[in-house]
């Protein structure tokens, strides 16, 4: 093994890239369909580690805090993630993801046949319902 490392040195940058949990190539691509998604986020790549937007800005998740969510008064299966480093990134056309503060949580759920919703939140506590969101985006599910 030692001879292998001497013959093929791995740079520190390569090691960081290999260890990074957010790889857009491995995450599933969601195609923007709502006007807000098309004008703000563009297509997104989402997995349990983070979300990458079309302009390559990312939000990494620190953990999954819930596996269900209340939408329009009904409990639905979904995922609520805590954002590791809250931010309100500038995305497509100079728009921000939320526009009213740093995003602290991201939730996604099935919003119809072949469609997914992604909502963003700015509160300190995990959101319990879509009533607390600062923005909602709709996407076509990965194929």
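Numbering (mature numbering (1 follows the signal peptide of the UniProt record, and there is no 0)), first residue to last: -24 to -1, 1 to 119. Even glycine gets a Cβ: it sits at the ideal position worked out from N, Cα and C.
| Asked | Found |
| --- | --- |
| Have a look at residue 97 and residue 24 and give me their C-alpha separation to the nearest angstrom. | 17 Å |
| Quick check on residue 10: does DSSP put it in helix, strand or coil? | coil |
| Assign residue 4 to one of three DSSP states: helix, strand, or coil. | strand |
| Does residue 41 come within less than 8 Å of chain B when only Cβ atoms are used? | Any reference to chain B falls outside this structure, which holds one protein chain only. |
| Can you tell me where the beta strand (DSSP E) with residue 48 in it begins and where it stops? | Run containing residue 48: none; DSSP gives neither H nor E here. |
| What residue range does the beta strand (DSSP E) around residue 92 cover? | 91 to 97 |
| Would you kindly work out how many angstroms separate the C-alpha atoms of residue 86 and residue 61, rounded to a whole number? | 26 Å |
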